[in-house]
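Undergrad:
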Amino acid sequence: MELPSRPPESILLEDFGQKVDLTRRIREVLLNYPEGTTVLKELIQNADDAGATKVRLCLDRRHHGSDSLLSNSLSQWQGPALLAYNNAVFTEEDFVSISRIGGSAKNGQAWKTGRFGVGFNSVYHLTDLPSFVSGKYVVLFDPQGAYLPNISTSNPGKRIDFVSSSAIALYKDQFSPYVAFGCDMKTSFAGTLFRFPLRNAHQAATSKLSRQAYFDDDILSMFNQLFEEGVLSLLFLKNVLSIEMYVWDKGENEPRKLYSCGVCVLNDDVIWHRQALLRLSKRSSDGLVEESEMDGYCVDFLSEAFVNDSEAWSGILFLPLPIRTGLKVHVNGYFEVSSNRRGIWYGADMDRSGKVRSIWNRLLLEDVVAPAFRHFAAWCARLLGSIDSYYSLWPTGSFEEPWNILVEHIYRKVGYAPVLHSEFEGGKWVTPVEAFLHDEEFNKSKELGEALLKLGIPYCPFAHCLV
0 MELPSRPPES ILLEDFGQKV DLTRRIREVL LNYPEGTTVL KELIQNADDA
50 GATKVRLCLD RRHHGSDSLL SNSLSQWQGP ALLAYNNAVF TEEDFVSISR
100 IGGSAKNGQA WKTGRFGVGF NSVYHLTDLP SFVSGKYVVL FDPQGAYLPN
150 ISTSNPGKRI DFVSSSAIAL YKDQFSPYVA FGCDMKTSFA GTLFRFPLRN
200 AHQAATSKLS RQAYFDDDIL SMFNQLFEEG VLSLLFLKNV LSIEMYVWDK
250 GENEPRKLYS CGVCVLNDDV IWHRQALLRL SKRSSDGLVE ESEMDGYCVD
300 FLSEAFVNDS EAWSGILFLP LPIRTGLKVH VNGYFEVSSN RRGIWYGADM
350 DRSGKVRSIW NRLLLEDVVA PAFRHFAAWC ARLLGSIDSY YSLWPTGSFE
400 EPWNILVEHI YRKVGYAPVL HSEFEGGKWV TPVEAFLHDE EFNKSKELGE
450 ALLKLGIPYC PFAHCLV
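See the structure below:
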C-alpha cells in the first residue's frame with residue numbers, strides 16, 4: 000500500500016539550524032590572542048603578505064566632528080584611535096578574506112604569514128568598530144550590529160565606494176578621520192589605512208566582544224615594545240622594509256614621529272635575499288626546488304640573519320614566536336604553528352592531522368635547520384675566526400623538546416665539517432671527529448696541549464665549551 004505523498008509546502012517546516020554567534024566567536028579568538036603587541040604584529044604580517052614595503056602606526060588623539068555621520072550612534076567612536084597604514088592596496092580576494100574568520104584565502108600559501116584567517120580579529124582587543132580604506136572603498140565592521148545603519152546579521156558591516164558615490168559629501172565627518180598618510184578621501188587611495196577607535200570604559204562595560212578598555216598610554220607602551228624588538232621583526236619579513244610609529248596630538252595638522260626602524264640596505268644583496276625567499280617559498284610549494292638549491296639558500300640567509308648579542312633567542316615564522324628555544328641563534332622556518340602563533344605542533348601523543356604536523360616540525364628541525372646550522376657554523380668560522388664569540392654560538396646545556404632533538408642532529412651534522420680550529424700543522428680547521436675534545440680542566444696544562452700537537456693529534460684549546 001502506497002502512502003500518500005504530500006508536498007513539503009503542506010508540512011509545517013520550521014527553520015531550525017546550527018548558527019555561529021559572531022560575537023562569541025570573536026571572544027574565543029581574543030582568548031587565544033594575547034593583548035599587547037600581538038595586535039600590531041598581526042597588522043604588520045598582513046601588510047607584509049600584501050607586498051607592502053612601508054608600515055606606519057599612529058596614535059590619533061584627536062576628536063573628530065559628529066554632525067554628519069552614517070548614524071548618531073557612531074558619534075561615540077569619533078575619538079582617539081589607532082591608525083595603521085601600509086602602501087599596498089587590497090585586492091578583491093583580500094576583501095573576501097578579511098570578511099571571514101578562519102577562512103583565509105592565504106591558507107596553503109607557504110609564502111604568506113597569516114594562513115589562518117583569524118589574526119586580524121585580534122584588533123577587537125582594542126575596538127568594537129574596526130574600519131579601513133583601501134583603493135576606492137571604505138569598509139566598516141560592526142559585529143554586534145549596534146552602530147551602523149540597516150545592519151544585517153548575515154553581513155554585519157558596510158562597504159562604500161567613496162569615489163563614485165556621494166557618501167563623502169553627505170557624511171563628511173564620518174570619513175574625515177581617514178584623511179592621513181596620503182589618503183584624501185577624494186580619489187582612489189594607493190594604500191591601505193585601518194582605523195581602530197579605542198574602546199573607552201563606558202563602551203567596555205556594555206561590549207559583547209571585550210570588557211577591556213584601551214587608553215593612549217596603552218598604545219604608546221605597545222609602540223615602545225614593538226620598537227625594542229623592531230629590528231628582529233623586520234629581519235625575517237619578506238617585503239616590509241620600514242616601520243614607523245607616530246602620535247597625532249589635538250590641534251596639530253600632521254602626526255609627529257616617535258620611532259622608526261628599517262632595513263639598512265648597504266647593498267642590493269639584502270633585497271635580493273628577500274626576493275629569493277619569496278621565489279623559493281612559492282617554488283617549494285609547487286615541488287620545484289632541488290635539495291642543493293635549498294641548502295645553498297639556507298647558507299646565505301642565515302649568514303645575513305646572524306646577530307651577536309645577549310638577547311633571548313626564539314623560534315620564528317616570518318615574525319618572532321613567543322618560544323624560547325635555549326639556542327644561541329634565532330631559528331626561522333616554516334613551522335606548523337598553532338592558529339594564534341603561540342607555539343609549534345610537537346608531541347608523540349598526537350593523532351591524525353596533529354601527528355602529521357608534529358612530524359613535519361620534527362623533520363624540519365632534523366633535515367633543514369640542523370644542516371643549515373652546519374653551513375652557518377662554517378661561515379662564522381671564516382668570518383670570526385677561532386675566538387670565544389664564535390664558540391659561544393654553539394648550543395650547550397639542556398634543552399626542552401623539540402629543541403633537544405635539533406641540538407642532537409646539529410652535532411651529528413657537524414661531525415665531519417671543519418668547524419674547530421687547531422694549531423695542528425701550523426693552524427687549520429678540523430672536524431670534531433678528527434679533533435681532540437676535552438674539558439676546561441685540561442686547558443690548565445699548556446704542556447699537555449703542546450704534547451698532543453707534537454704527537455700529531457689536532458688539539459683544539461677552545462673546544463672545551465662544546466664538551
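Here the sequence shown is numbered in numbering that gives the first Met the number 0, starting from 0 and rising by one per residue. Glycine included, every Cβ here is placed at the ideal spot set by N, Cα and C.
1) According to DSSP, is PRO196 part of a helix, a strand, or is it coil?
2) Going by DSSP, what residue range makes up the beta strand (DSSP E) through ASP366?
3) Hey, is PRO148 close to the ligand HEM, as in C-beta under 8 Å from one of its heavy atoms?
4) Rank ASP66, LEU362 and CYS379 by C-alpha distance to the C-alpha of ILE404 and give the top, closest one.
5) Please state the DSSP three-state secondary structure of ARG526.
6) Does DSSP put VAL406 in a helix, a strand or coil?
7) Under 9 Å between the Cβ atoms of ARG255 and ASP59?
8) As a quick exercise: from ALA166, ALA377 and TYR84, pick the residue whose alpha carbon is nearest that of SER67.
9) With distance defined between alpha-carbon atoms, name the residue in SER133, TYR170 and LYS40 nearest to PHE180.
10) Just how far apart, CA to CA, sit ALA109 and PHE435?
11) According to the neighbour-count rule (16 or more other Cβ atoms, all chains shown, within 10 Å of its Cβ), is ASP20 buried or exposed?
12) DSSP state of ASP160, grouped into three classes?
13) Just reading off the beta strand (DSSP E) that VAL328 is part of, what are its end residues?
14) How close, in whole Å, do the beta carbons of VAL88 and GLY16 come, if the pair is a contact with beta carbons under 8 Å?
15) Between the Cα of LEU225 and those of ASN199, GLU407, TYR245 and ILE25, spot the shortest distance and give me the residue it belongs to.
16) Quick check on this structure: which residue in TYR177, VAL406, HIS63 and HIS62 has the alpha carbon closest to the alpha carbon of TYR84?
17) Is it a yes or a no for the region 29-36 touching the region 195-206, going by three-plus beta-carbon pairs under 8 Å?
18) Is there contact between the region 74-82 and the region 48-59, where contact requires at least three CB pairs shorter than 8 Å?
19) How many Å lie between PRO417 and GLY396 at the Cα?
20) Do the CB positions of THR63 and ASP172 come within less than 9 Å of each other?
21) For LEU69, I'd like the list of residues in its chain whose CB is within less than 7 Å of its CB, leaving aside the five on either flank, ordered along the chain.
22) Determine the direct distance from the alpha carbon of SER209 to that of TRP76, and round the result to whole angstroms.
TA: On the basis of the supplied data:
1) As a working mapping, residue 196 is identified with position 197 in the sequence shown. Strand at PRO196.
2) By one-based count along the sequence shown, residue 366 stands at place 367. Here ASP366 belongs to no beta strand (DSSP E), and DSSP marks it neither H nor E.
3) You won't find the ligand HEM in this model; it holds no ligand whatsoever.
4) Indexing the sequence shown from 1 puts residue 404 at position 405. If we check each option's Cα against that of ILE404, LEU362 comes out closest.
5) What the structure shows of the chain is the stretch from 0 to 466, and residue 526 is not part of that stretch, so it cannot be assessed.
6) Here the question's residue 406 lines up with position 407 in the sequence shown. Under the three-state reduction of DSSP, VAL406 is assigned to helix.
7) Within the sequence shown, numbered from 1, the residue matching residue 255 stands at position 256. Within the sequence shown, numbered from 1, the residue matching residue 59 stands at position 60. Contact flag unset, no.
8) Stepping through the sequence shown from its first residue, residue 67 is reached at position 68. Nearest option by C-alpha distance: ALA166.
9) Position 181 of the sequence shown, counted from the start, is the residue given in the question as residue 180. Nearest C-alpha to PHE180: SER133.
10) The count along the sequence shown starts at 1 and reaches residue 109 at position 110. The count along the sequence shown starts at 1 and reaches residue 435 at position 436. In this prediction, ALA109 scores a pLDDT of 42, lower than 50, which makes its location untrustworthy; the coordinate-derived value is nonetheless stated afterwards. In a straight line, the C-alpha of ALA109 is about 43 Å away from that of PHE435.
11) Working through the sequence shown from its first residue, we reach residue 20 at position 21. Exposed, by the Cβ-count rule.
12) In the sequence shown, counting from the first residue as 1, residue 160 sits at position 161. Three-state DSSP puts ASP160 in a strand.
13) The count along the sequence shown starts at 1 and reaches residue 328 at position 329. Run containing VAL328: none; DSSP gives neither H nor E here.
14) If you number the sequence shown from 1, residue 88 lands on position 89. If you number the sequence shown from 1, residue 16 lands on position 17. That pair is no contact at about 38 Å.
15) The count along the sequence shown starts at 1 and reaches residue 225 at position 226. When only C-alpha atoms are compared, the closest one is TYR245.
16) Position 85 of the sequence shown, counted from the start, is the residue given in the question as residue 84. Closest by alpha carbon: TYR177.
17) Counting C-beta pairs closer than 8 Å gives fewer than three between the region 29-36 and the region 195-206, which falls short of the contact rule.
18) Touching, per the Cβ criterion.
19) If you number the sequence shown from 1, residue 417 lands on position 418. If you number the sequence shown from 1, residue 396 lands on position 397. In a straight line, the C-alpha of PRO417 is about 22 Å away from that of GLY396.
20) Within the sequence shown, residue 63 is the residue found at index 64, counting from 1. Within the sequence shown, residue 172 is the residue found at index 173, counting from 1. First, the amino acid is wrong: residue 63 is His here, not Thr. The Cβ atoms of HIS63 and ASP172 lie closer than 9 Å to each other.
21) In the sequence shown, residue 69 corresponds to position 70, counting from 1. Excluding positions up to five away in sequence, the list reads LEU147, PRO148, TYR170 and GLN173.
22) Counting from one through the sequence shown, the residue named residue 76 turns up at place 77. Counting from one through the sequence shown, the residue named residue 209 turns up at place 210. Each residue's Cα considered, the two are about 16 Å apart.
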